[in-house]
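Residue numbers (this note's numbering): 110 to 807. All residues carry an ideal CB built from backbone N, CA and C; glycine is no exception. The model shown is predicted, which means the values in this text are computed figures rather than measured ones. So the structure is just underneath, and the comments pick up after that.
Listed below in structure tokens is the structure:
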């Protein structure tokens with residue numbers, strides 16, 4: 110696969126060869142139906158396959174659909190939707206709630222899908238064929254939080270590996286993932302899972318309970334519920350013996366940190382020149398750089414090391430994150446899905462579905478980095494150097510780059526909660542199969558700083574007046590001050606709501622040489638709402654290492670969306686079938702777009718399918734992309750390659766945590782795409798299918 114970025118156009122091409130060996134189900138390729146008589150075909154139930162709104166007997170279509178069955182899910186020991194998508198080769202570079210090293214992002218706790226690697230915002234995730242509210246916390250990506258998918262309730266997952274805006278609208282440029290739950294379950298089932306690792310850490314325990322009553326055909330109703338609970342323990346670098354063998358400090362010293370304990374001192378050019386003129390030395394060695402540390406070469410290992418090739422350089426210390434860093438966070442997840450169906454008579458059914466989920470993740474990062482200031486007279490080694498006589502902006506003041514170990518590691522708690530309610534009806538009306546429903550879906554996110562984050566202004570005062578010692582243990586008064594300014598507050602709250610009404614009708618109209626000519630029409634009207642509320646404390650911009658959004662304001666936005674779509678299935682010859690579809694979407698504040706598509710399939714013989722498709726895609730800008738306030742943050746330690754070249758790659762001078770700003774744009778227009786795919790599927794045996802697909806998205 111390769112990705113080209115040229116003149117604002119994004120082209121993605123790929124060739125995917127997949128094979129699968131399954132028992133009673135198929136992975137990575139459609140299951141071929143056995144040859145049946147016309148009478149048998151009429152008696153077989155018609156099903157709806159992701160990628161088409163028309164019910165049919167056979168599951169093969171002109172579009173590539175990967176199916177993962179419940180049997181396969183159980184055999185692999187998979188317990189979450191995110192783990193499940195790890196078995197989909199087309200799902201790459203999705204966001205994860207498991208990364209802890211760079212603690213402090215604005216979308217922590219977000220598990221996302223990313224088909225074809227063209228972006229989380231270009232992959233549509235459905236639950237039982239309907240949308241869910243996106244992860245509410247504003248950020249660079251938009252999509253459904255996979256933590257809100259009730260994994261224990263899944264019957265199967267259908268992954269449409271082709272653009273599908275012509276049926277599903279925005280977000281479906283890369284494809285569609287449809288999580289399908291059980292629908293007629295009876296009985297009681299209790300399951301559990303315990304997983305441990307040899308070296309400790311990352312242990313997992315799960316418990317699931319499924320219960321259902323009522324046979325839909327015999328009793329006229331079915332009600333079932335599935336509850337799922339799981340807990341995963343944290344994993345730290347100290348729990349893995351191979352980590353020291355990676356020699357991170359030797360191989361990646363330029364990516365480590367210059368914020369250490371004891372603190373590094375960042376001299377001004379005039380201060381460095383004065384000390385060099387005076388012949389100032391550290392451990393008998395004259396200084397050469399602006400970054401110095403008076404403890405060199407000791408540096409208080411193992412976290413703070415002397416690494417001349419690192420960001421501390423030859424005169425200062427370097428902080429090694431990998432000494433005892435969290436690789437994977439502790440988490441607890443719980444979900445409940447309940448569904449009820451009742452027959453109304455006359456071929457009609459009413460159904461209701463409730464899904465509740467809660468995912469809580471505890472993140473632990475390194476102790477906070479602090480840019481502090483102190484008068485040079487408080488540093489005995491520098492007394493009498495006359496730094497206060499220099500023509501600096503603040504004569505005699507030293508800039509400190511310190512690691513606040515006495516406050517402990519930074520910890521935060523991220524909670525993502527999902528609520529979804531669907532009420533609908535399905536059946537046959539005047540020869541038309543129909544399905545219509547109201548869908549209410551909510552995602553709420555709370556981000557809480559729990560430890561290691563301190564009030565910055567009060568911290569600076571404590572450093573400057575000597576109560577907090579940047580070069581060693583602080584006094585009892587200093588430690589008490591640090592404890593008193595610890596932050597334990599929910600600093601961000603976000604809520605996203607989706608309310609929609611949808612309908613679709615489908616039926617066969619007439620006979621053609623290859624089967625029934627069938628049509629489907631449908632529509633959707635929905636309202637999307639987002640609200641982001643930072644705490645007063647966050648807006649004060651006084652939390653060290655946790656920046657406030659620009660403008661000091663909360664955001665609250667909403668918009669209405671309407672769509673109509675249609676599909677025609679044309680089996681115009683015995684071995685040929687065409688699938689035509691089109692959709693028109695209109696977004697308030699953005700405008701409208703039409704998305705057509707054509708698919709073609711050919712069956713030259715039993716067990717062989719050739720297919721092709723071409724169409725246009727559409728993605729409307731999210732409300733976050735349109736209205737989010739500017740976000741200030743900082744990168745991990747990175748060298749500036751241009752400046753480094755001018756200072757002989759002295760990383761103490763040219764590597765830093767660079768400030769970043771991320772903006773929204775109210776003038777964004779929808780993204781449009783063109784895509785096509787070619788593929789072949791062959792049944793190599795009763796349980797073996799192979800598929801070869803070429804796809805191109807631009």
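Residue i, DSSP secondary structure in three states
{"i": "residue 482", "result": "strand"}
{"i": "residue 189", "result": "coil"}
{"i": "residue 457", "result": "strand"}
{"i": "residue 744", "result": "strand"}
{"i": "residue 367", "result": "coil"}
{"i": "residue 583", "result": "coil"}
{"i": "residue 359", "result": "helix"}
{"i": "residue 407", "result": "coil"}
{"i": "residue 385", "result": "helix"}
{"i": "residue 809", "result": "Outside the displayed range of the chain (110 to 807) lies residue 809, so it cannot be described from this structure."}
{"i": "residue 734", "result": "helix"}
{"i": "residue 762", "result": "helix"}
{"i": "residue 775", "result": "coil"}
{"i": "residue 590", "result": "helix"}
{"i": "residue 656", "result": "coil"}
{"i": "residue 230", "result": "helix"}
{"i": "residue 697", "result": "coil"}
{"i": "residue 503", "result": "coil"}
{"i": "residue 795", "result": "coil"}
{"i": "residue 669", "result": "strand"}
{"i": "residue 184", "result": "helix"}
Distance CB(residue i)-CB(residue j) smaller than 9 Å
{"i": "residue 274", "j": "residue 250", "result": "no"}
{"i": "residue 705", "j": "residue 778", "result": "no"}
{"i": "residue 590", "j": "residue 479", "result": "no"}
{"i": "residue 722", "j": "residue 681", "result": "no"}
{"i": "residue 596", "j": "residue 556", "result": "no"}
{"i": "residue 692", "j": "residue 639", "result": "no"}
{"i": "residue 427", "j": "residue 416", "result": "yes"}
{"i": "residue 697", "j": "residue 668", "result": "yes"}
{"i": "residue 466", "j": "residue 526", "result": "yes"}
{"i": "residue 582", "j": "residue 509", "result": "no"}
{"i": "residue 260", "j": "residue 182", "result": "yes"}
{"i": "residue 256", "j": "residue 218", "result": "yes"}
Exposure label - residue i; buried when at least 16 CB within 10 Å
{"i": "residue 772", "result": "exposed"}
{"i": "residue 212", "result": "Only weak support is given to the placement of residue 212: the predicted model assigns it a pLDDT of 41, under 50, and the value that follows is read from those uncertain coordinates. Label assigned to residue 212: buried."}
{"i": "residue 439", "result": "buried"}
{"i": "residue 643", "result": "buried"}
{"i": "residue 420", "result": "buried"}
{"i": "residue 272", "result": "buried"}
{"i": "residue 662", "result": "exposed"}
{"i": "residue 356", "result": "exposed"}
{"i": "residue 51", "result": "Residue coverage of the chain in this structure runs from 110 to 807, which leaves residue 51 outside it and unanswerable."}
{"i": "residue 490", "result": "exposed"}
{"i": "residue 703", "result": "exposed"}
{"i": "residue 269", "result": "buried"}
{"i": "residue 767", "result": "exposed"}
{"i": "residue 776", "result": "exposed"}
{"i": "residue 750", "result": "exposed"}
{"i": "residue 392", "result": "exposed"}
{"i": "residue 282", "result": "buried"}
{"i": "residue 333", "result": "buried"}
{"i": "residue 442", "result": "buried"}
{"i": "residue 798", "result": "buried"}
Minimum Cβ-Cβ distance from residue i to chain B less than 9 Å
{"i": "residue 444", "result": "This model lacks chain B altogether, as it is built from one protein chain only."}
Near the ligand PLP: residue i beta-carbon under 8 Å from a heavy atom
{"i": "residue 784", "result": "In the structure shown, the ligand PLP is absent, as is every other ligand, since no ligand is present at all."}
Paired residues, beta bridge with residue i - DSSP
{"i": "residue 305", "result": "According to DSSP, which records beta bridges pairwise, residue 305 is partnered with nothing at all."}
{"i": "residue 750", "result": "In DSSP, residue 750 forms no bridge with anything."}
{"i": "residue 440", "result": "341, 470"}
{"i": "residue 313", "result": "304, 341"}
{"i": "residue 271", "result": "Residue 271 pairs with nothing; no bridge assigned."}
{"i": "residue 510", "result": "373, 480"}
{"i": "residue 537", "result": "542"}
{"i": "residue 617", "result": "627"}
* **Inter-stretch contact at 8 Å, needing at least 3 Cβ pairs: the region 281-299 / the region 336-352** => At 8 Å Cβ cutoff, the stretches do not touch.
* At a cut of 8 Å, does the region 457-473 reach the region 397-408 through at least three beta carbon pairs? -> Under the Cβ criterion (8 Å, minimum of three pairs), the region 457-473 does not count as touching the region 397-408.
* Determine, using beta-carbon pairs with one atom in the region 276-292 and one in the region 741-753, whether at least three such pairs fall under 8 Å. => Segments in contact, no.
* Asked: Hey, is the region 404-415 in contact with the region 532-549, meaning 3+ C-beta pairs nearer than 8 Å?
  -> For the pair of segments examined, the region 404-415 was found not to touch the region 532-549: the number of CB pairs separated by less than 8 Å stays below three.
* Three or more C-beta pairs below 8 Å linking the region 468-486 and the region 510-524 -> A contact is defined here as three or more CB-CB pairs under 8 Å, and the region 468-486 meets this definition with respect to the region 510-524.
* Asked: Using 8 Å as the threshold, is the region 342-354 in touch with the region 448-455, meaning 3 or more CB pairs across them?
  -> These segments do not touch.
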